[in-house]
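Note sheet for the following structure.
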Amino acid sequence: MNILAQLIVSGIVVGMIYGVIAFGYQLTFSTSKTLNFGQGEALTLGALVGLSLVWFLTARGLGIGLAYIVMLPLVLMFGLAQGAVVERLGVRQAIKNKSEAGWIMATIALGIIFRNIAENLWGRDALKFPSPLPEIAIVVGPVRIQPMEVVIVLGALAMMLAVEAFNRKSIFGKAVVATASDRDAAGLMGINTGLVITFSYALSSMAAAFAGVLIAPITLAGATMGGVLGLKAFAVAIIGGLSSGLGVVVGGLILGITETFTGYYISTGYKDVPGLVLLLLVLALKPTGLFGKAVIKKV
Amino acid sequence: MLKVTNLVAGYGKVQVLHGISLEVEKGTLVTLIGSNGAGKTTTLRTLSGMIKPSAGSILLGDREIAGLDAFKIARRGLAHSPEGRRVFPTQTVADNLLLGAFPRLTGARPKNDVMADRDRMFALFPRLAERRGQLAGTLSGGEQQMLAMGRALMLEPEVLLLDEPSMGLAPKLVAEVFSIIARLKAEKITMLLVEQFAAAALEVADFAYVLENGRIAASGPAATLKNDPAVRAAYLGAAHASAHV
């Protein structure tokens, strides 16, 4: 029983990271029906840029906690810019030409380029990302949890809620939602829908960069850290449904918890299998995802 | 206010409009009638930038808008209530109306009082007031049509394009839509109305153009065209009218 609670909590932490990255997939898919397959590399770059900033700031005498807080907004801005670059270079032309596969190849290619850049600037070895919080587990009943893990869960939720609130409350957010439901009609409203798509790519990479600096202190930071995370988050986005905000959180939790269970009860060697089996099952049985809704058009 | 000269446009390699010219004077209601496939919707889509023309000129006021992106044309004051209504189904009625005022809310057009205008829309379309918090996708066809018109009016447009506002509506709702168009005309809103229901359109319009196979086949004051034998035979025939009502 004790181990069960521990496995669930650990699964939630990993699951929220998957959820944030998958949330990024959802953002671009809703406005443009395209995805950034370099989402994992956006996470990598976010974590490594964050690491360099933390090095820079602590070398100038800032405490690690303060350095982490100062670094966060800078990394988020870096993520926004990186996503905008991906859209401009890899996606815009493909959308304009109504190319079915152009954006897939282009975003994968950009992802590989970004990974190479990361390998050259930060090296091939995984680096220790100093934790802004004490690395002493808090014990709650049967469960041991690191303070940073609490930050991951709360930070991930806060980011998704902030984007949701922006979409519902601000006129710019409403323009994003309008572009997602009918791009041509949104254009008639005077909305620059091309810019909205660039913005959704920027937000998507920002989410990934944020996930990167959240997870790096409890794992390690390195050029290859994002690849597998990006792929698993893709599975989460498919499981949860690319059109449902709630779906990615639940999808992330399902995958995270399944993984920790498999890792413990079967073998860590097989911990990636159940998620992918789940992905195959969802694709076969409910292709719009567990929470996806088929769009009904009134004529 | 709107002056179109020798407009040529189509979809891909299929040319639909073969050089049409028309004019909508400030404060007037002009209608464009014609049979299915004549190019009425294509004309409006080209005017609002949803389709790029391959030749010709479109002057809005004294500024050329041919070839501009749709969002830029909207920001210059041309509103388009499109065929099929195209309301934003996952957003509320109130939000749909606000989105119509997007250029005003973001500084691209004079702001004035957007909220007061939204209340005016609720007064003009009382059915929408009752459903202001409801998602647009849950409205009936007639309500969606009113929302599409209200949303376009929220731009405070220089010119309003209305594409088939009566399409698919029950006769009672058709009458309601036309009475609203008459009210907008009384408020001196400049409008270009595309209608298959030609009799009602000619009744309410000041001036009319007849479109045939992508060309203007006839034009004149609506009252004159209504009594023109050729127009009557083609578009106002007894059989045709009864099929609609």
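If you read the protein sequences in the order shown, they are chains F and C. The opening position of the first sequence corresponds to residue 1 in the numbering used here, with each subsequent residue numbered one higher. The opening position of the second sequence corresponds to residue 1001 in the numbering used here, with each subsequent residue numbered one higher. Positions of the beta carbon are idealized from the N, C-alpha and C atoms, including for glycine.
Judged by DSSP in its simplified three-state form, D1113 (chain C) adopts coil rather than helix or strand.
Annotated three-state conformation of E1064 (chain C) is strand, per DSSP. Pairwise C-beta distances place the segment 232-246 of chain F out of contact with the segment 193-204 of chain F, as fewer than three of them are shorter than 8 Å.
Non-local beta-carbon contacts of A1079 (chain C) in its own chain, meaning distances under 6 Å to residues more than five positions away in sequence, involve A1152, L1155, P1157, L1160 in chain order.
By the CB criterion at 7 Å, A22 (chain F) and A233 (chain F) fall inside the cutoff. For the segment 1028-1055 of chain C, the beta-carbon criterion of a distance under 8 Å to any beta-carbon of chain F is satisfied by S1048, G1049, M1050.
Boundaries of the beta strand (DSSP E) around P1221 (chain C): 1215-1221. The contact set of L1147 (chain C) on chain F, defined by CB atoms closer than 9 Å, is empty, because the minimum CB distance reaches about 12 Å. In the three-state DSSP reduction, G1150 (chain C) falls in the helix class (H, G or I). G269 (chain F) is not a Cβ neighbour of V14 (chain F), given a cutoff of 7 Å. Between the segment 1061-1080 of chain C and the segment 188-198 of chain F there are three or more C-beta pairs closer than 8 Å, enough to call the two in contact. Within the DSSP secondary-structure output, V20 (chain F) pairs in no beta bridge. Residues of chain F with a Cβ closer than 9 Å to the Cβ of P1103 (chain C) are, in chain order, M189, G190, I191. Between the segment 1197-1214 of chain C and the segment 1019-1039 of chain C there are three or more inter-stretch CB-CB distances shorter than 8 Å, so the stretches are counted as touching. Nearest neighbour of Y68 (chain F) by Cα position, chosen from F:L214, F:F114, F:A180, turns out to be F:L214.
When Cβ pairs closer than 8 Å are counted between the two stretches, the segment 219-226 of chain F is seen to touch the segment 45-56 of chain F, the count reaching three or more.
Of F:A186, F:V54, F:G227, the smallest CA-CA separation from Y18 (chain F) is found for F:G227. Only buried fits M1050 (chain C), as 16 or more other CB atoms lie within 10 angstroms of its CB. Straight-line measurement puts the Cα of P1082 (chain C) at about 18 Å from the Cα of P1053 (chain C). Going by beta carbons, A211 (chain F) and G275 (chain F) fall outside the 7 Å limit.
Rounded to the nearest whole angstrom, the C-alpha separation of L278 (chain F) and A109 (chain F) is 28 Å. For G173 (chain F), the enclosing alpha helix (DSSP H) stretches over residues 171-181. Beta-bridge partners of G1010 (chain C) (DSSP): C:Q1015. The DSSP-derived three-state label of K286 (chain F) is coil. Taking the C-beta atoms as reference points, V1004 (chain C) is found nearer than 7 Å to I1058 (chain C).
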